[in-house]
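First residue of the sequence shown: 6, per the working numbering; consecutive thereafter.
Here a beta-carbon is modelled for each residue, glycine too, at the ideal position from N, C-alpha and C.
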Amino acid sequence: MSNQRRIFSTTSRSRLEGVHPALVQLAYGVLSHIDCAVVYGVRTPAEQQALFDKGLSKTLDSKHLIQPDGWAHAIDLAPYVNGAIPWDKSPYFYNLHGVVLTVADIQGTTIRWGGDWDSDGDFNDQTFMDLVHFELAGAIPDAGAVHV
Ligand SMILES: [Zn+2]
């Protein structure tokens with residue numbers, strides 16, 4: 006990790022549109038510590054259905070869908086290493102998860118990770134691993150109180 010200033014690509018930034026400001030703040034906070042890319046933000050019901058049909062998601066009631074408060078409550082965040090996402094190297098994803106949860110803790114945001122759905126610290130007690138998935142959990146922050 007270095008202290009060089011990083012920026013999200015135009016694609017990553019566009020994927021943060023419609024995402025709850027607490028998660029946008031989190032994504033930028035994480036980026037200041039470790040390079041990463043936003044893989045998914047808001048999904049339409051049709052996109053969610055397509056991912057469900059392909060087995061890439063286990064629910065049609067995804068937090069990526071716009072929630073009643075008008076925001077998506079999930080982002081998919083992937084490590085970015087030497088110019089690419091190392092999809093076949095899970096240690097990078099576990100490493101990123103540690104940074105995400107640390108930054109979230111500092112920001113006062115409770116996060117549920119797709120690599121530990123029940124948030125018990127055991128990464129081996131589940132059947133569906135979604136290492137890029139981070140969603141708001143617990144009390145949802147007031148979007149208007151978050152300054153990104
Ligand atoms: Zn996700």
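- Message: So for Y85, helix, strand or coil by DSSP?
- Response: Numbered from 1 along the sequence shown, position 80 holds the residue referred to as residue 85. It is coil, neither helix nor strand.
- Message: To the nearest angstrom, how far is the alpha carbon of A32 from that of F13?
- Response: Here residue 32 corresponds to residue number 27 of the sequence shown, with the count starting at 1. Here residue 13 corresponds to residue number 8 of the sequence shown, with the count starting at 1. Rounded to whole angstroms, A32 to F13 spans 9 angstroms at the Cα level.
- Task: Could you tell me which residues DSSP puts in a beta bridge with D121?
- Result: Looking up residue 121 in the sequence shown gives position 116. D121 is bridged to W118.
- Per-residue burial, K68 [other beta carbons within 10 Å of its own, 16 or more giving buried]: Position 63 of the sequence shown, counting from 1, holds the residue named residue 68. Buried.
- If you measure from the CB of G120, is any heavy atom of ligand 1 nearer than 7 angstroms? In the sequence shown, counting from the first residue as 1, residue 120 sits at position 115. False, no ligand heavy atom lies under 7 angstroms from that Cβ.
- Item | For A142, three-class secondary structure by DSSP | One-based indexing of the sequence shown puts residue 142 at position 137. Note: A142 maps to coil in three-state DSSP.
- Item | Contact under 8 angstroms by Cβ, V47 with V137 | Along the sequence shown, one-based indexing puts residue 47 at 42. Along the sequence shown, one-based indexing puts residue 137 at 132. For V47 and V137, no; Cβs fall outside 8 angstroms.
- Query: Can you give the Cα-Cα distance for P91 and Y85, rounded to whole angstroms?
  - Reply: Reading the sequence shown from its first residue, position 86 is the one you call residue 91. Reading the sequence shown from its first residue, position 80 is the one you call residue 85. Each residue's Cα considered, the two are about 7 angstroms apart.
- Message: Just to confirm before moving on: does the CB-CB distance between L82 and V105 stay below 8 angstroms?
- Response: Counted from its first residue, the sequence shown places residue 82 at position 77. Counted from its first residue, the sequence shown places residue 105 at position 100. Contact flag set, yes.
- Message: To the nearest angstrom, how far is the alpha carbon of D127 from that of Y99?
- Response: For the purposes of this step, residue 127 is taken as the residue at position 122 of the sequence shown. For the purposes of this step, residue 99 is taken as the residue at position 94 of the sequence shown. Straight-line Cα distance between these residues: approximately 12 angstroms.
- Query: Excluding five sequence neighbours on each side, which residues of the same chain lie with their C-beta closer than 6 angstroms to the C-beta of A27?
  - Reply: By 1-based counting over the sequence shown, the position of residue 27 is 22. The residues are T114, P146 and V151.
- Item | Secondary structure of V29, DSSP reduced to three states | Locating residue 29 in the sequence shown gives position 24, where the first residue counts as 1. Helix at V29.
- Message: Any heavy atom of ligand 1 inside 7 angstroms of the beta-carbon of H138?
- Response: Locating residue 138 in the sequence shown gives position 133, where the first residue counts as 1. Yes - ligand 1 has a heavy atom lying nearer than 7 angstroms to the Cβ of H138.
- Below 8 angstroms on the Cβ atoms is my guess for G34 versus Q112; work out the distance and round it to an integer in Å. Taking the sequence shown and counting its residues from 1, the one referred to as residue 34 is at position 29. Taking the sequence shown and counting its residues from 1, the one referred to as residue 112 is at position 107. Right, their Cβ atoms sit about 6 angstroms apart.
- With distances taken Cα to Cα, identify the nearest neighbour of P96 among T16, S19, G120 and K63. Position 91 of the sequence shown, counted from the start, is the residue given in the question as residue 96. Ranking the options by Cα distance to P96, first place goes to G120.
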